[in-house]
Amino acid sequence: MNLAAHLPALQVVLPLAAAPLAVLLRGRGAAFMLVTLAAWAAFAVSILLWLQVNASGPISYAIGSWAPPWGIEYRVDSLSALLLMLVCGIAAVVLPYARASIERELRQDVHYLFYAMFALCLAGLAGIAITGDAFNLFVFLEISSLSSYVLIALGRDRRALVAAYQYLIMGTIGATFIVVGVGLLYLKTGTLNLADMGVRLQEMTSHRPVLAALAFLTVGISLKLALFPLHQWLPNAYAYAPSAVSAFLAATATKVSVYALLRFYFSVFGETAVFKRLPMEDLMLILALAGMFVASAVAIFQHDLKRLFAYSSVAQIGYIVLGISFDSVTGLTATIAHLVNHAVTKGGLFLLLGAVMAGMGGVTLARVHGIGRVMPLTAFGIVLCGLGLIGVPGTAGFVSKWYLILAALEKGQWWLVFLIVASSLLAVAYVWRFVEAAYFHAPRADLATVREAPAGLAIPAWTLVGATIWFGLDTSVTVGSAARAAAMLLGGAP
Amino acid sequence: MTRDMVLRVVAKLLIPFILLFALYVQFHGDFGPGGGFQAGVILAAAMVFYAIVFGLDNARKVLPDRLVETMVAAGVLLYLGVGVAGPLLGGNFLDYFVLAADPVAGQHRGIFWIELGVAITVCGVMLKVYYLFAGRGPEDD
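Below, the structure written as structure tokens:
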């Protein structure tokens, strides 16, 4: 058996096999070891795939030796390779954190189930990014969604159940829309292979069922990626989930949905069908701007830090969609780079908030008063990530905003540059609320003796904070890969 | 329902036939409608029927919680085992062609084990859901 040839299958099989094994082992230590090893191995596989794609172009793997387009094809190109690396990388960082974190937040008898669900969620997200088959994509979407509902419902706060239920209803509506869209496309083309679908659709892009499929897929995937105004499920889900889950989902789930949207728009329907014949550019531009401003404004008035940064996620998704609406290589580069940059920043932020939760017993603004004095490192990390959200030079957020502004200038839309900067000022406002609470207030008397977060929580969180700074200074991985992927999506080099 | 003589007798008579029918659906899946999913549901239905008539405690004696949970995981592992056998025998993942000398026989062999895995997991999940709902007393919130 040549292991290198089976890397695409291993990418999904490793976490997928870890889940039932964790259930069989039952011991929380064993389950933790197993799932963490699987996630690290999956991360290694994704790096190997990324290197291989960069060296020799897209990889195609025929599941069950049924050649595409008949069988299910796993296809790794520059975009999916980057997404795989992001998803597996975040999982590899979050899992060691999860051990120390769920020790405090979850009942001990459900720990092994937590790890099993986490592994399933990782398998689902990796599967979405790697598959080249429309129905397979839907199945993996369901795997990741169902496991994330469970993960959110595990939250210590009883409102987590309602939040998970809300997400379940919205997510199921989204999944239904997606499967209707896929069904219509199958009806018109007779194929489920995405690439084959793209070829066959070229001569029928103006047919009514195809347009209906486009509409269904757009709404369905937009629900999953929490595009304003379909974001209602997101703030509660992120706020009440266990800390490790908030971080993992905030960093990966919506990003993978953006990937699915890009895949359908550019690889299946084609750029001309979506953007040249339909007013999608304007539509996405308006929704993106509304998300950037409304969600940021709502974030300013939150009292709970997790909710605050969850609304900030909705606003950041606005930036990501704004890049898509430009329909240019620079715009897509900004989108894809921001996928990674925001994932790293927000992941780090939610991990640090988990450390705050562990130390201070809660993350409301009133409770974290004076945290700059009692947990100086953690508070400093949150400020660094906050700067990343604002887009201060030297952080990852600056890089993606820079490319967004370039894309806007390319189109001659200088007023958009003004709006991007203006919405960043809103980000300054909500980050400032934390800074004010952390550094300009004395800690509550009962919390004055809180100690800095333990290493088990701090090291993974700072890994992501470090990555936020790193990707702000060295953009060869993020922007380099993003530019290649954008060129591929718009029909350039693979 | 300890005093419902008719129900108990009918249940005892019917359950073996329900189990047999599940096996029929399982093994006939190759040639007609049926397969692991349906068979798993029918198997679980027989157990749920038993639990309703004879009580949850008796059902738990037949299939304890641990065993049900093991079934949920074991089915998926069996499925993955068949999948991984492909690369080990020189094919791709989930490759049934290489499972026997004759590719058609390989396809038969592959789908047989896959469907068995599906049946075990589906039956386990159905029972787990039933146990969880039925085991909830009115007092625990």
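Chains as they are written, first to last, in the numbering used here: chain A, 605 to 1098; chain B, 38 to 178.
Idealized CB from N, CA, C, for every residue including glycine.
Are there 16 or more other CB atoms within 10 angstroms of the CB of residue i, so buried, or fewer, so exposed?
i: P1098 (chain A); result: Confidence in P1098 (chain A) is poor, its pLDDT being 42 and thus under 50, which makes the residue's placement unreliable; the coordinate value appears in the next sentence. Burial call: exposed.
i: T795 (chain A); result: buried
i: D178 (chain B); result: With a pLDDT of 49 at D178 (chain B), under the threshold of 50, the predicted position of this residue should be treated as unreliable, though the coordinate-derived value follows. Flag for D178 (chain B) reads exposed.
i: Y923 (chain A); result: buried
i: Q63 (chain B); result: buried
i: N1104 (chain A); result: The shown model of chain A, from 605 to 1098, leaves out residue 1104 (chain A), and the question about it has no answer.
i: K950 (chain A); result: buried
i: D800 (chain A); result: buried
i: R911 (chain A); result: buried
i: M689 (chain A); result: buried
i: N658 (chain A); result: exposed
i: S1080 (chain A); result: exposed
i: F722 (chain A); result: buried
i: R632 (chain A); result: buried
i: R971 (chain A); result: buried
i: K859 (chain A); result: buried
i: N606 (chain A); result: exposed
i: E106 (chain B); result: buried
i: L1029 (chain A); result: exposed
i: T939 (chain A); result: buried
i: Q906 (chain A); result: buried
i: N95 (chain B); result: exposed
i: W837 (chain A); result: buried
i: T876 (chain A); result: exposed
i: T1053 (chain A); result: exposed
i: P619 (chain A); result: buried
i: H942 (chain A); result: buried
i: Y753 (chain A); result: buried
i: W1036 (chain A); result: exposed
i: L831 (chain A); result: buried
Nearest to residue i by CA position, among the options, is which residue?
i: A1091 (chain A); options: A:L981, A:G990 and A:S871; result: A:S871
i: D886 (chain A); options: A:S850, A:D931, A:V918 and A:V862; result: A:D931
i: G112 (chain B); options: B:G71, B:M163 and B:A96; result: B:M163
i: Q920 (chain A); options: A:S1004, A:A841 and A:K828; result: A:S1004
i: E1056 (chain A); options: A:A645, A:L957 and A:Y719; result: A:L957
i: S669 (chain A); options: B:L104, B:L100 and B:G127; result: B:G127
i: L889 (chain A); options: A:L655, A:T939 and A:V925; result: A:V925
i: A962 (chain A); options: A:G731, A:A848 and A:L620; result: A:A848
i: W1066 (chain A); options: A:V1083, A:F984 and A:A1012; result: A:F984
i: A648 (chain A); options: A:G693, A:P997, A:G661 and A:D761; result: A:G693
i: S917 (chain A); options: A:E807, A:L789 and A:S850; result: A:S850
i: V814 (chain A); options: A:F1002, A:F873 and A:G1095; result: A:F873
i: Y1100 (chain A); options: A:C989, A:S861 and A:P839; result: In the structure as shown, chain A starts at 605 and stops at 1098, and residue 1100 (chain A) therefore has no counterpart that could be examined.
i: L993 (chain A); options: A:R1088, A:G1076 and A:L788; result: A:G1076
i: A634 (chain A); options: A:S660, A:G728 and A:R703; result: A:R703
i: E677 (chain A); options: A:L789, A:A901 and A:S664; result: A:S664
Mind checking who residue i pairs with in its DSSP beta bridge?
i: N797 (chain A); result: A:D737
i: E677 (chain A); result: A:A666
Residue i: beta carbon under 7 Å from a heavy atom of the ligand GTP?
i: Q144 (chain B); result: Absent from the structure shown: the ligand GTP. Ligands present: none.
For the pair the region 1017-1032 of chain A and the region 958-970 of chain A, tell me if three or more CB-CB distances fall below 8 Å. no
Taking the runs of the beta strand (DSSP E) that are 3 residues or longer, which of them lie wholly in the region 721-772 of chain A? none
What are the uninterrupted segments assigned as alpha helix (DSSP H) that are 4 or more residues long and contained completely in the region 947-1018 of chain A, given in chain order? 975-978, 980-994 and 1000-1014
Could you pull out every unbroken alpha helix (DSSP H) segment of at least 4 residues lying fully inside the region 851-920 of chain A, listed in chain order? 884-894 and 900-904
Continuous alpha helix (DSSP H) assignments of at least 4 residues falling wholly in the region 102-151 of chain B: 102-125
Between the region 869-884 of chain A and the region 976-995 of chain A, do at least 3 Cβ pairs fall closer than 8 Å? no
Counting Cβ pairs, one atom from each stretch, are 3 or more of them under 8 Å apart for the region 681-688 of chain A and the region 1038-1049 of chain A? no
Given 8 Å as the limit, is there contact between the region 128-146 of chain B and the region 46-66 of chain B, that is, 3 or more CB pairs closer than that? With fewer than three CB-CB distances shorter than 8 Å, the region 128-146 of chain B does not count as touching the region 46-66 of chain B.
Report yes or no: do the region 862-869 of chain A and the region 889-896 of chain A share at least 3 C-beta pairs separated by less than 8 Å? no
Counting pairs of beta carbons, one from the region 112-122 of chain B and one from the region 617-634 of chain A, are three or more of them closer than 8 Å? yes
With a threshold of 8 Å, are at least 3 pairs of Cβ atoms found where one atom belongs to the region 816-829 of chain A and the other to the region 769-788 of chain A? yes
Going residue by residue through the region 63-109 of chain B, where are the continuous beta strand (DSSP E) segments of at least 3 residues, counting only ones entirely within it? Correct list: empty.
Does the structure place the region 118-129 of chain B close enough to the region 84-94 of chain B that three or more beta carbon pairs sit under 8 Å? no
Using a Cβ distance threshold of 8 Å, determine whether the region 748-757 of chain A contacts the region 765-773 of chain A, with at least three qualifying pairs required. Result yes; three or more Cβ-Cβ pairs closer than 8 Å.
Using 8 Å as the threshold, is the region 733-746 of chain A in touch with the region 710-719 of chain A, meaning 3 or more CB pairs across them? Per the Cβ contact rule, the region 733-746 of chain A is not in contact with the region 710-719 of chain A (fewer than 3 Cβ pairs under 8 Å).
Quick check: the region 66-77 of chain B against the region 144-159 of chain B, are at least 3 beta-carbon pairs closer than 8 Å? yes
Under 8 Å, with one C-beta from each stretch per pair, do the region 605-612 of chain A and the region 637-644 of chain A reach the 3-pair mark? no
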